[in-house]
Each structure stands twice: as C-alpha cells, then as structure tokens.
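Asker: One line per chain: the protein sequences are W and A, in this order. Position 354 of the first sequence, counted from 1, bears residue number 354 in the numbering used here, the numbering being contiguous throughout. Position 122 of the second sequence, counted from 1, bears residue number 122 in the numbering used here, the numbering being contiguous throughout. Positions of the beta carbon are idealized from the N, C-alpha and C atoms, including for glycine. None of these values were measured; they are calculated from a predicted model.
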Amino acid sequence: MRNATKSRLASTLALPKNTKTRMGGRGFCRAYSTFGGNAATIIVAALAVSGCGTHSESLTNVRESLLAGRTEAAYREFAKKKEKSDDLLYLLERGYLAHEAGQYDSSNIAFDAAELRAEELYTKSISGEVAALITSDNVLPYRGYPHELVMIHYYRAFNYLMLGQRDGALVEARKANQRLAVLQDAKEGKTTYQNDAFMQYFTAMLYEAEGEHNDAAVAYRDAHRGYETYAELYGTAAPPSLIADFHAALLRVGAADEAGTLLERYPSLQKESDLRMHANAVVFIETGFTPYLDAVDITIPVFEETDSKFRDCKGCENDYADVLVSRYHHNIYSWRRRDLSLDHVLHFSFPMMVDFPTEAYTVTVACATGHALAPVTVEPLDAIAKRSFDERIPKILVKTVARALIKEFARVQAKKEDKALGALVNIFNVATERADTRSCLFFPNTIWMVQLELPPGRHDLEVAVRGVGGTEIERVPVTLDAPKNGIVFARVRSFR
Amino acid sequence: MKGMRIARPAAILTAAALMIAGCSSKTVVTRVDTDEQIDLSGRWNDTDSRMVSEEMIKDCLNHPWLSEHMREKAKKPVVIVGSVRNKSLEHIPVATFVGDIERAYVNSGQVQVVASAVEREDLRSEKRDQRINATEETLKEMGRESGADYMLIGEINQIIDSEKGEKVSYYQTDLTLVNIETNIKTWLGQKKIKKFIGRSEYKP
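#1: Can you tell which of A:65, A:202 and A:126 has the C-alpha that lies nearest to the C-alpha of residue 149 of chain A?
#2: Spatial neighbours of residue 115 of chain A within its chain, please: C-beta separation below 7 Å, excluding the five flanking residues on both sides.
#3: If we count the other Cβ atoms within 10 Å of its Cβ and call it buried at 16 or more, is residue 21 of chain W buried or exposed?
#4: According to DSSP, residue 478 of chain W sits in a beta bridge with which residue or residues?
#5: Strictly under 8 Å for the Cβ-Cβ distance: is residue 116 of chain W near chain A by that measure?
#6: Could you tell me whether the Cβ of residue 24 of chain A comes closer than 8 Å to any Cβ of chain W?
#7: Would you tell me roughly how many angstroms separate the C-alpha atoms of residue 154 of chain A and residue 256 of chain W, rounded to the nearest one?
#8: How is residue 141 of chain W classed by DSSP in three states: helix, strand or coil?
#9: Please go through the stretch 138-201 of chain A and give each complete beta strand (DSSP E) segment of 3 or more residues, from N-terminal end onward.
#10: According to DSSP, is residue 6 of chain W part of a helix, a strand, or is it coil?
#11: Taking the alpha-carbon positions, what's the residue 495 of chain W to residue 287 of chain W distance?
#12: Would a check of beta-carbon distances place residue 68 of chain W closer than 8 Å to chain A?
#13: Could you tell me whether the stretch 200-213 of chain W touches the stretch 163-183 of chain W, where touching means 3 or more Cβ pairs closer than 8 Å?
#14: DSSP on residue 237 of chain W, reduced to helix/strand/coil?
#15: Can you tell me which of the three DSSP states residue 491 of chain W falls into?
#16: For the stretch 380-388 of chain W against the stretch 406-419 of chain W, are there 3 or more C-beta pairs whose distance is under 8 Å?
#17: Could you check whether the Cβ of residue 355 of chain W sits closer than 8 Å to any Cβ belonging to chain A?
#18: Got a sec: which bits of the stretch 139-168 of chain A sit with their beta carbon under 7 Å from any beta carbon on chain W, in order along the chain?
#19: For residue 296 of chain W and chain A, any beta-carbon pair shorter than 8 Å?
#20: Suppose you measure from the CA of residue 224 of chain W to the CA of residue 269 of chain W; what does that come to, to the nearest Å?
#21: Which residues of chain W have a Cβ atom closer than 7 Å to the Cβ of residue 93 of chain A, listed in chain order?
#22: My output table needs one value for residue 29 of chain W: the three-state DSSP class, helix, strand or coil.
#23: Which residues, in order along the stretch 176-197 of chain W, keep a beta-carbon less than 7 Å from a beta-carbon of chain A?
#24: Relative to the C-alpha of residue 161 of chain W, which residue among W:99, W:186, W:68 and W:443 is closest?
#25: So residue 202 of chain A contacts chain B; which residues on that side make the cut at Cβ distance below 8 Å?
#26: Would you tell me roughly how many angstroms separate the C-alpha atoms of residue 79 of chain A and residue 179 of chain W, rounded to the nearest one?
#27: Any C-beta of chain A sitting closer than 8 Å to the C-beta of residue 343 of chain W?
#28: Please determine if the stretch 364-383 of chain W and the stretch 442-452 of chain W are in contact, where contact requires at least 3 C-beta pairs separated by less than 8 Å.
#29: Taking residue 171 of chain W as the query, report the chain A residues whose CB atoms sit under 9 Å from its CB, ordered along the chain.
#30: Scan the stretch 24-104 of chain A and note each continuous alpha helix (DSSP H) run of 4 residues or more that stays entirely inside, going in chain order.
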C-alpha cells in the first residue's frame, strides 16, 4: 500500500514532462526507448498490438481522391477494403461513396443493409459490453450517431430520384419521418438532436412534388418547429422559403386559421408565398467534410522509488515529495537515475472531435441569364455532429476511467502473483486502450439550398463555391430539366 | 503451485484476446420450399405478397360483379391490372405483387387478363417487326387486341408504431376494380396484415 502511494506520488511529480498527448493523429508511432528497457517493451508491444491509425487515417487516400474530385476512384479505393457486411460504419460509408460514384443501385443495397444492421444493433451484447470494459470501445459494434442514420434517407431519396423512381424517394421520405418520430419519442438517452429540420423540409418538398399535400403540410410544420430549435442550438434560422412553402401548403389543405396565424407572425409572407407557388426547381449544395474523431492518448509512466530511506518510511510522503522536487526539478530524464525504476505504464485514450478544414464560406448559383442567387444554409451538419459528440463525452470519460480502474486492478492482482505476469497484463492493458474514433467521415460539413422558378425545359446552371473574401474556389455546372408541374431536385457536391 | 497462479490470469488474458479477435462465421445455405413462411426482419416479404394477392383475388371473384358481367355479356370479363401504388414505409417490389395478382386471376380461369401498357408497347413493336420480317401466314395483324372491361388499381399503406425494441407494423392493401367504360367501381377489396416485431434489449 505504501509503495503504491509512493508510486502514485512519483508519477505525479514526473507527469508534466512525460505525458504524451496526441492530437491531429500523427507522430505517435515511435518507440519510447528513453523510458528504459521495461517501458520500451511495454510501449512497443502496445503499439504493435493496437496499431496506430485512427479511422480517419485509415481512409486518408479515399478522402484525397474525393478532394481531387475523383469520386469513382474514391469508391474503388474504398471497395478494396475487406468487406464487412455486419459493420454499420462500413455500410454507411460504402453507401455514401457508391452514391457519389453514381452507382445508385449499389448505394441503395449498402444503405439498406446499414438500416437493417442499425435495427439489429438495438440488442446489446452483454459479453460485448464486458469485453469493452476490459479492452476498449472498439470491440463494440458501431451504432452510429442519429444524424448519420437520418442522412441515409436523404441519399437514398436522391438515389431513387436519379433512377427515376419517384415512389422510391417518397418511401425514403416516409421512413425519414418515421425515424424522426421515434427519435422524438425516445425516453432514454435523450439528446438535443430529436428532430432534423432539414430532413423534414426535404421530405415536405418531396411530398409536395408528388401531390401529397397533407403529408407535405405535416412535414413543413415539423420543419418549421425544427428550425426554431436549430436557431437556438446551431444558429441556423428557418430559410425564408420554408415559411412561404408552409403557408402555401396550409392554404392548400384548407388550414386557413393556421395559415393566418403564420401570416401574423411573418407579415412579409404573402408576397413570398405567391412566388413559391411557382418554384419548380430545388438545388442542394453540399460543401466540406463533417468533423472527424481523433484520439487523445495520455501515457503516464509510474515509477518506483528504490531509495531505501523513503521506501520503508511510513508517513514520509510529504518529505519524499520535497526531496523529489528538489532533486529532479524539470529533468524529464529523471527515470534514468539509478534510484528510480519504472513500475508500470498507465495509458488512457479517448476520442476528440476535430474540424476538417473547409474552404467554402459562401455559395452562389448563377442562371444562364447571369442572374445569381444566394443559397442559404439548411443543414449545419458540423454543428450537429459536434453537439452529438459533446453529449456523449461524459459517458465516454466515465467508461475510460472505469476501464482504467479495472485494468489497474487486474495488473496489481497479476503482479502480486508474479512480477512478469504483472508486466504482461500491463502490456495488454496499454495495447488494448484505444480511443473509439469511428464516425462516418464523408458526409458534408454544410448543406445549402436554393429554390428556383424556371421556365419548363432544360437549364444549365453554375454553382460557385467561394472562400473567405468571396474568392471563387470551385465552379460546378448543373443541368436541370424543369417540369411544368411539380418540382425537380438536384444536388451538387463540393468537397472543398 | 506458482504455475497455477500464473495460469489463471493468463487464461483471462487469452479469453479477452479471443473476444477482441472475434469469432469467425460460416455462411450456411439451405434450399427451402417457396411456400414456406420465413420472417427475418419483419418487413413485407414474398409470403405477404402471395398471401394478400391470393386472398384478395379470391374475394374479388366471389362477388356478384362477375356473375352480372357473365349474364350481361355472356363471356368472361377482361381485366387489366393497373398501378398499385406503394405508399408504405418500405420498398415493396410492386411488380412482384402485380405479378401475383395476375397469376391469381389467370389461374382462377374465371377472368381473362390483358397485357399492361408497357408490355403492349413491346407486343406492338413485335407486330411491326413481323410486318417486315414474318411470313404472311404467321403474320399477326395490328388492331386486333382485346380491350379490357375492367381495370384493377390500388395502393399499399403502412402504419408503424414502435417503442424501444418493439414494433407493430400494420399493412393495408386496398384494391379497386373499375369498369373502364362507365368508371363505376364494381368491387372494393381490402386486406390487412399486422405484424409484431420484438427485439430484446440485451443478449448474452
């Protein structure tokens, strides 16, 4: 017990210079030979077993292909990975990349498998949870974030639209509404993401395009309510077009009272509502990449005092601390001293959300006439991802601490039986302590939207993505077949 | 004795390592009867499609419109299966369902079924081709198609109610047989399916 106290004390003194925090996902994969023989063995073995890469690092080449605009190459690159049909994350990313590569049927197959897998994962494995407590959260199946599962329906709806199966897109709309209703009803594990205003808006427009006005009015109402929360949480207000669309939909289904109330709240509505009645094209522009998870690794070597003067002294901890401070000061190589030897290594690892640099600051859409429109932000996926992650952090940290205690207990027990076994358990503990950095990497940072009123027929538009200061960083052409009746939907992806 | 002391924690470590490595699985394929009812995910499947189509067509053929038609026209009615809209929350392969309905009609021997609009275009294309390439004796003439007396249209709706791991999925299929000449609805059929899908929160 006394020795343990001294070990902790020594580690506290040595901590500032020996703590290794990894951020940005680079530069950790090297042996710390300076720790001495035992430490090097433990850490080298740890790295050999655990590997060094985060989920983001393992897909760097895919992301580079996307950044270069080579979406088919990105999909091919991803498809080289070992197929994991029971891994939700793999299926999500495969579905997304197949969509970007224009392989809409393949995308639907992957997303469908992802949906089924997400349902199966409702049932938690007790043995899996126990394994996670003695190893790391990586042994648990990936369950995904709610917003990632909602995005499945957005991409699948577009898959069906691209395949010319508008009924299929409507099925996705209904599924999205159902998923959001379940989120709102969830009593346990409630998070602030209980509604997706953008998805509600998108589904409302899909219903409207197919003449299902009652469903459209309901979804517009949910979208309107959702954007009130978005404004509060993410600073994203309802797009003016939504208010106009909602008002028009209410009039269409005969809800004149509610339409009147809306008009009182938004006095400038009537003009926009009239305008909206004729809009027949909607363009979604997706920019950047959603934030990703990186690992924060903290490695703490815990030393054992071999100075006999203090080793056997009861109640000398304060004197001992004074001696250590005056003896070593800030000498980070203090463990080389003959009177200190490494006892064991503590290793903590937990995830941290990091922004992927995004150049896009504003977006404009230019018609053939030269008239430019400014799309508005409708889905702040970066803010949603960050908040969802932040809400998980307390649970992650509690589990990290609990795991550390269990691992340390196992090490102490093993060491009592045999010193070499204690070292072996320590190696296992360090090797298995890896942050769970899994999240879907390729979804956009932000989705923008613009509605257009175009004469029926084919139209060539140009979407310009601009950086800070208005510098154009990318120009993407879009061709639309504007219908006489109904709405045509298009999406543009800029990875910048 | 020391060996035993080492063996116990070592066994724990090995077990943990095995848990990390996971277990390998092997794909098993077994041929089953096509009529066998197998429910995996709880979604609409081949059993639902076959069951709904057979029961609804049986109901359709047991209604007075058929005998009235036979009495008035003295020949079997000609039916075309029109669109059945999927308004559910699942991607139901409507073409399979329509195929099941056509099969049930034809196999009953009480009505005749004509080809759909898309199929007719293919047939007309074939007849145009025959006019150039087929012999006179085998040539099929244009303009001698059987016009349908009735059109069957419908939709599949679904309501889902879920709480935690439990889900109730309710499908309602509505079919309507419309007299093409008069627009009079001669038969309205409805078939409901209710499924309970339960998942436990934990497994060992």
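Answerer: Taking the definition as stated:
#1: Nearest option by C-alpha distance: A:65.
#2: If we look at residue 115 of chain A and ignore the five residues flanking it on each side, its Cβ neighbours are 123.
#3: Residue placement at residue 21 of chain W cannot be trusted, given a pLDDT of 36 that sits under 50; the coordinates are not used to answer.
#4: Bridge partners of residue 478 of chain W: W:461.
#5: A Cβ of chain A is located within less than 8 Å of the beta carbon of residue 116 of chain W.
#6: Note on residue 24 of chain A: pLDDT 47, under 50, position unreliable in the model; the coordinate value appears next. Interface criterion not met: the Cβ of residue 24 of chain A is under 8 Å from no Cβ in chain W.
#7: Just so you know, the alpha carbons of residue 154 of chain A and residue 256 of chain W end up roughly 31 Å apart.
#8: Coil, per DSSP.
#9: List check, beta strand (DSSP E) in window: 150-163, 166-179 and 185-198.
#10: With a pLDDT of 37 at residue 6 of chain W, under the threshold of 50, the modelled position of this residue cannot be trusted; read the value that follows with caution. Note: residue 6 of chain W maps to helix in three-state DSSP.
#11: Their Cα atoms are separated by approximately 5 Å.
#12: For residue 68 of chain W, the answer is no, since every Cβ of chain A falls outside 8 Å of its Cβ.
#13: The stretch 200-213 of chain W is in contact with the stretch 163-183 of chain W.
#14: DSSP places residue 237 of chain W outside both helix and strand once states are collapsed to three, so it counts as coil.
#15: Residue state, collapsed to three classes: strand.
#16: By the Cβ test, the stretch 380-388 of chain W is not in contact with the stretch 406-419 of chain W, since fewer than three Cβ pairs between them sit closer than 8 Å.
#17: When Cβ-Cβ separations below 8 Å define contact, residue 355 of chain W makes no contact with chain A.
#18: Taking 7 Å as the Cβ-Cβ cut-off against chain W, the residues of the stretch 139-168 of chain A that qualify are 160, 162 and 165.
#19: Judged by the 8 Å Cβ criterion, residue 296 of chain W is not in contact with chain A.
#20: Distance from the CA atom of residue 224 of chain W to the CA atom of residue 269 of chain W, rounded to whole angstroms, is 14 Å.
#21: The contact set of residue 93 of chain A on chain W, defined by CB atoms closer than 7 Å, is empty, because the minimum CB distance reaches about 11 Å.
#22: At residue 29 of chain W the pLDDT is 33, less than 50, meaning the model places this residue with poor confidence; the figure from the coordinates comes in the next sentence. Coil, per DSSP.
#23: Per Cβ criterion, the list reads 178 and 182.
#24: With distances taken between Cα atoms, residue 161 of chain W lies closest to W:99.
#25: Annotation note: the requested chain B is absent from the structure, which comprises protein chains W and A.
#26: Straight-line Cα distance between these residues: approximately 39 Å.
#27: False, the Cβ-Cβ gap to chain A never drops below 8 Å.
#28: Touching, yes.
#29: Result: 86, 87, 88, 89, 90, 91 and 92.
#30: The stretch 24-104 of chain A contains these whole alpha helix (DSSP H) runs: 46-61 and 64-73.
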